[in-house]
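Reviewing the structure listed below.
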Amino acid sequence: MSATSYLNDLNQRYLAIHRTKEDFFWETYMGTSDDHEGSSKAQTEWTQFLSQASQIEAIKQQLEAAENIADEQEKQSTIKGLNGWLATFKAHAIEGEDSQKLKADLIKFEFDLFERNQNHAMTYVNENGETVEGSLPVVGAAIRTNEKEEVRQSAHEALLGLEQWLLQNGFIELVKRRNAFARSLGYKTFFDYSIVKMEKMTTQELFSILDDFEVRTRDSHLNSLKALAKEKGEQALSGYNFVYSFAGDVMRELDPYVPFSKSLRRWVESFGRLNIDFSGAELTLDLLDRKGKYPNGFCHGPVPSFYDQGTWVPAQVNFTSNAKPDQVGSGYDGINTLFHEGGHAAHFANVKLNAPCFSQEFAPTSMAYAETQSMFCDSLLTDADWLKQYALDDNGNPVTDEIIKAMIDSRQPFKAYEERSILVVPYFERALYELSDDELTIENITKLARDTEKQILGLECSPRPLIAIPHLLSDESACAYQGYLLAHMAVYQTRAYFTEKFGYLTDNPEIGPLMAEHYWFGGNSTSHNDTIVSLTGEGFNAKYLADMCNLSVEQAWDEEVKKIEGLATRQRAEIASLNATIKVVDGDKELATNSDSDSDMCDNFERFIIETYGR
Numbered sequence: 001m002s003a004t005s006y007l008n009d010l011n012q013r014y015l016a017i018h019r020t021k022e023d024f025f026w027e028t029y030m031g032t033s034d035d036h037e038g039s040s041k042a043q044t045e046w047t048q049f050l051s052q053a054s055q056i057e058a059i060k061q062q063l064e065a066a067e068n069i070a071d072e073q074e075k076q077s078t079i080k081g082l083n084g085w086l087a088t089f090k091a092h093a094i095e096g097e098d099s100q101k102l103k104a105d106l107i108k109f110e111f112d113l114f115e116r117n118q119n120h121a122m123t124y125v126n127e128n129g130e131t132v133e134g135s136l137p138v139v140g141a142a143i144r145t146n147e148k149e150e151v152r153q154s155a156h157e158a159l160l161g162l163e164q165w166l167l168q169n170g171f172i173e174l175v176k177r178r179n180a181f182a183r184s185l186g187y188k189t190f191f192d193y194s195i196v197k198m199e200k201m202t203t204q205e206l207f208s209i210l211d212d213f214e215v216r217t218r219d220s221h222l223n224s225l226k227a228l229a230k231e232k233g234e235q236a237l238s239g240y241n242f243v244y245s246f247a248g249d250v251m252r253e254l255d256p257y258v259p260f261s262k263s264l265r266r267w268v269e270s271f272g273r274l275n276i277d278f279s280g281a282e283l284t285l286d287l288l289d290r291k292g293k294y295p296n297g298f299c300h301g302p303v304p305s306f307y308d309q310g311t312w313v314p315a316q317v318n319f320t321s322n323a324k325p326d327q328v329g330s331g332y333d334g335i336n337t338l339f340h341e342g343g344h345a346a347h348f349a350n351v352k353l354n355a356p357c358f359s360q361e362f363a364p365t366s367m368a369y370a371e372t373q374s375m376f377c378d379s380l381l382t383d384a385d386w387l388k389q390y391a392l393d394d395n396g397n398p399v400t401d402e403i404i405k406a407m408i409d410s411r412q413p414f415k416a417y418e419e420r421s422i423l424v425v426p427y428f429e430r431a432l433y434e435l436s437d438d439e440l441t442i443e444n445i446t447k448l449a450r451d452t453e454k455q456i457l458g459l460e461c462s463p464r465p466l467i468a469i470p471h472l473l474s475d476e477s478a479c480a481y482q483g484y485l486l487a488h489m490a491v492y493q494t495r496a497y498f499t500e501k502f503g504y505l506t507d508n509p510e511i512g513p514l515m516a517e518h519y520w521f522g523g524n525s526t527s528h529n530d531t532i533v534s535l536t537g538e539g540f541n542a543k544y545l546a547d548m549c550n551l552s553v554e555q556a557w558d559e560e561v562k563k564i565e566g567l568a569t570r571q572r573a574e575i576a577s578l579n580a581t582i583k584v585v586d587g588d589k590e591l592a593t594n595s596d597s598d599s600d601m602c603d604n605f606e607r608f609i610i611e612t613y614g615r
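Residue numbers are given in UniProt numbering: position 462 of the sequence shown equals residue 462, and the series is strictly consecutive.
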């Protein structure tokens, strides 16, 4: 078999295993199937395929053979694809039967815990005094936006209860097993193993970045806490009052302008005006919250985009949100998730190389790189010019300057807190995985969580208690949360570049093609830093985000006024086609499709939401 034939065969073998795993993943995470045993088996087969250390030597031999290919174009293309697979196998290789068995057992244990957690019901007391079930997004929204303190407190207690349930029902054993697996590969902890695998850096190198950011934002964060306590009392710093104390009122004022029924249309129009092209992808969107569904938005691709022997294979991408349209704040949260996961989908639909390994969210794809794409898109939702164009009430009136100003007045002092609420997770996970097995007790871990929250957030308990964060349970997202912060640093660097170059971001049709060219086409064949250099001419730089965190309210408002004034100086871009086949579902039920037109899809979705939820 020639090197080129080997590459093509490898691509097809992987696609079959990948598709099976992804189909099981989607059905179990959406709660439409309870075949967790089948899902665990498919995940194990996928892991075993990628973790065979013997694949590395086989690829190296094929790379040597590829040097003898006569056709120069075929030679370079084959070498490119094989190098992609070499990086993938190196990222996943598990040498030794003991380590492979530990990994297989770990996958099964994790799926068992996932199934039990999926069936565990959280309850809280709502504003009518009724005890009701609530998913993580519903409970979180109640903490952020509900007017009644007793409801917020009850919702927060539900999260604390979830922490204890997890600690009593397998989380501690999961940590022990992960550490045992990592030690079998020569790492001190599972955290150390994960950072090398995902971000190609050591824990020490990562924390040199995180520690620097912590110092840069500490004073502005602590000053904001003092100011809030002085204005509203020490009780405002409790876990169930904190976010509501600075953001609850203004989010209620914004709510009529961002009903969830309009979210799909806003996404289609906004991405269209940015000229984001999905390259013929098939997109399936499951956007509504329901019992049994995974409680956090995500994006996965059962078919990665790539060129198969010169023929374009469009991606198939699924992404989700957990909207509850009749709950205050859910509309804005829902559209935020649509933009975030839609940004992931745009990225993974646009990798224009010759092997599927370049276009998936697993290693060697850096989480920071992947999240840069999604977080850039959702960052637009706080821009005043975006709000003026897309946050419209039922009569078509744009959100007022006063509400936008109130959003800045309430949120800008806590911009550092928002970033530190990401920062707190890697500080906790590093310390958690450094505990010995004997130290891994319910009491010690609970105390570690509260101590870390106090150290980084300055609060006795976080509004989102650490162990209740779903990323800590999942194999692909455990010890990866710092990727969001690293991505935010890159996002604000990217935003600064586009603003300097064009003067504006909202509805700028230059942005989609530039993101595709510099950030998406090369997939994980290029490092995160190199993509940033390619676009901006400058290496990764955290200062743009730190500077944003340290702006005064007045400085931040001045920036937004310029954006609003800029709307009058430019003609609004036309809505370009997303070049995608889109289906919106609720579990097994199809709600809307763009088989006729995007407009019909949005009309049908809007009609369903209004008839079902009222808005």
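All residues carry an ideal CB built from backbone N, CA and C; glycine is no exception.
Give the DSSP-derived three-state secondary structure of residue 586 in the structure shown.
strand
For residue 333, does the count of other Cβ atoms within 10 angstroms reach 16, so buried, or fall short, so exposed?
buried
Can you grab the Cα-Cα spacing for the pair residue 142 / residue 407, in whole Å?
18 Å
Select from 236, 530, 4 and 506 the residue whose C-alpha is nearest the C-alpha of residue 152.
236
Comparing the C-beta of residue 430 with each C-beta of chain B, is any distance below 8 Å?
Note that chain B does not occur in the displayed structure, where there is just one protein chain.
Following the continuous beta strand (DSSP E) through residue 288, name the residue where it begins and the one where it ends.
281-288
Beta-bridge pairing of residue 294 - partner residues as DSSP gives them:
DSSP lists no partner for residue 294.
Considering only DSSP beta bridges, list what residue 323 is partnered with.
288
Tell me the start and end of each unbroken beta strand (DSSP E) in the segment 51-133 that is at least 3 residues and wholly inside, in chain order.
123-125 and 131-133
Check residue 278 in the structure and name its three-state DSSP category.
coil
Straight-line CA distance for residue 38 to residue 198?
27 Å
Relative to the C-alpha of residue 241, which residue among 264, 157 and 346 is closest?
157
Is it buried or exposed, residue 513, if we count other Cβ atoms within 10 angstroms and call 16 or more buried?
exposed
Using DSSP bridges, identify the partner residues of residue 300.
318
Whole angstroms are fine: how far does the CA of residue 69 sit from the CA of residue 3?
8 Å
Considering only the alpha carbon of each residue, which of 317, 525, 100 and 295 lies closest to residue 469?
295
Please list the terminal residues of the continuous alpha helix (DSSP H) segment that includes residue 332.
330-348
Leaving out five residues before and five after residue 78 in sequence, what residues of the same chain have Cβ atoms less than 7 Å from its Cβ?
3, 4, 7, 66 and 69
Please report the straight-line C-alpha distance between residue 568 and residue 555, rounded to a whole angstrom.
22 Å
I'd like to know if the segment 209-222 and the segment 416-436 are in contact, where contact means that at least 3 CB-CB pairs between them fall below 8 Å.
yes
Opening and closing residue of the beta strand (DSSP E) in which residue 504 lies
No beta strand (DSSP E) holds residue 504; DSSP gives it neither H nor E.
By the DSSP assignment, the alpha helix (DSSP H) with residue 557 in it spans what residues?
553-566
Sorted by chain position, which residues of the same chain lie with C-beta nearer than 6 Å to residue 43's C-beta, five sequence neighbours on each side aside?
21 and 107
Does the segment 44-63 come close enough to the segment 79-98 to have 3 or more Cβ pairs within less than 8 Å?
yes
I think residue 497 touches residue 531, with their Cβ atoms under 8 Å apart; what is that distance to the nearest whole Å?
In fact, because the Cβ distance is near 12 Å, the residues do not count as touching under 8 Å.
Where does residue 222 land, buried or exposed, given buried means 16+ other C-beta within 10 angstroms?
exposed
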